[in-house]
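Plus 780 on top of the position in the sequence shown (first one is 1) and you've got my numbering. Single-structure report; data block below.
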Amino acid sequence: MDTDAPPQSLMAHLLELRTRLLRAVAAVLLCMVALLPFAKPLYAVLAQPLIEQLPAGASMIATGVAAPFMAPFKFVMMLAVYLAMPVVLHQLWAFVAPGLYRREKALALPLLVSAMVLFYLGMAFAYFAVFPVIFGFFASAA
């Protein structure tokens with residue numbers, strides 16, 4: 781543990797946690813507001829593998845009243861979370877780090893970097909390798 785810092789009261793910990801959570805939520809909301817004007821083009825990029833697998837003359841349809849608006853909106857929300865994840869993780873680390881021993885802190889950086897790299901590689905693999913195969917199967921089964 782960090783022996784330089786004096787112990788804090790429960791209320792001080794809760795106030796710091798509140799501040800860290802508000803900063804993380806603000807980062808997500810900021811990313812979301814920045815991405816909202818580009819919701820439809822970003823959604824088109826996401827849907828491109830599916831559209832390529834559809835038979836000639838077929839198109840995607842909305843199955844609900846709000847679906848044409850909500851699908852791109854939900855996608856932008858998820859993309860904002862993914863893009864703001866470094867800020868969210870930094871806020872989490874800033875809250876947790878003072879309570880860890882030096883050897884525990886030394887393990888955190890390699891674990892964090894490898895987890896983020898593998899996560900983003902997994903997303904790219906799903907988009908470029910898995911989506912076309914799955915969408916091709918769904919289009920042929922329909």
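Every residue, glycine too, gets a C-beta built ideally from N, C-alpha and C. Bear in mind the structure is a predicted one, so any value in this text is a computation, not a measurement.
Could you give the DSSP three-state label for residue i: helix, strand or coil?
i: Met858; result: helix
i: Pro878; result: helix
i: Ala846; result: coil
Quick test of your reading: residue i and residue j, contact by CB under 8 Å. State the CB separation rounded to the nearest angstrom.
i: Gln833; j: Ala904; result: Not a contact, Cβ separation roughly 19 Å.
i: Cys811; j: Ala864; result: 5 Å
i: Ala804; j: Val893; result: With a Cβ gap of about 19 Å, Ala804 and Val893 do not count as contacting.
i: Leu822; j: Leu859; result: 7 Å
Skipping 5 residues on each side, what residues in its chain have a beta carbon closer than 6 Å to that of residue i?
i: Lys820; result: Pro852
i: Phe911; result: Pro829
Starting from the C-beta of residue i, find all residues in its chain whose C-beta is less than 7 Å away, skip the five residues before and the five after it, and write them out in chain order.
i: Ala909; result: none
i: Gln871; result: Arg800, Arg803, Ala804
i: Val845; result: none
Identify the continuous alpha helix (DSSP H) that holds residue i and give its terminal residues.
i: Ala921; result: 911-921
* At which residue ranges does the region 782-844 contain complete alpha helix (DSSP H) runs of 4 or more residues, listed in the order of the chain? -> Counting only runs of 4 or more residues that sit fully inside the region 782-844, the alpha helix (DSSP H) segments are 790-815, 819-833, in chain order.
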